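Numbering (the numbering used here), first residue to last: 16 to 170.
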Amino acid sequence: MTTIQKSAPRPDTILFVLLYRAVRPHWRPLAVSLVLLAITAALNVVPPTLLQWAIDGPISTGDTADLWPITILYGGTAVAMFVIQYVYTYYLQKAGQRALSDMRTNLFGRIMEQDQAFFLKNPVGDLVMRLTSDIDTLSALLSTSAVTIVTETAT
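Okay, structure coming up:
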């Protein structure tokens, strides 16, 4: 009889779970940004369609009067996409920065709970350097990498 051994969770899985726990309290801005991202993905189809209509219709017939409504729709779509992407990025950054603030507060609390022996064993400069480096790495992940990954996946 063979026994099945449970494998230890992968470090990536552990990190994902920890990141999820940090971001979970800030689900509202994330939900807003995901809805806006879906709207942006849907609007990405509109400009090529409008160009097709313009080329197949007014441009091929030479009727410039019929081209104005398509031009106005194209410009309105571009402005709408810009505004929606701006608001999407704002809410995604808001959630990420709040999660980072919570992490900083939690880490500070954990450091303050340590006894004197901990600080004798671990130099304060090393602790500050490690905490700063880790928070900066998480900041880069939440502010730029996560935005890029989510945006590129959806659009």
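We treat Cβ as the ideally placed atom computed from N, Cα and C, and that holds for glycine.
In this text, all values refer to a predicted model and were calculated from it rather than measured experimentally.
- Of Leu65, Val61, Leu157, the smallest CA-CA separation from alanine 114 is found for Leu157.
- Linking serine 48 to leucine 107 through their CA atoms gives a straight-line distance of about 6 Å.
- Within the model, the alpha-carbon separation for alanine 56 versus tyrosine 105 is close to 17 Å.
- When the beta-carbon positions are compared, methionine 118 and isoleucine 150 come within less than 9 Å of each other.
- About 15 Å separates the beta carbon of isoleucine 85 from that of alanine 95, a gap too long to meet the 8 Å contact definition.
- Judged by DSSP secondary structure, threonine 79 falls outside any alpha helix (DSSP H); it is assigned neither H nor E.
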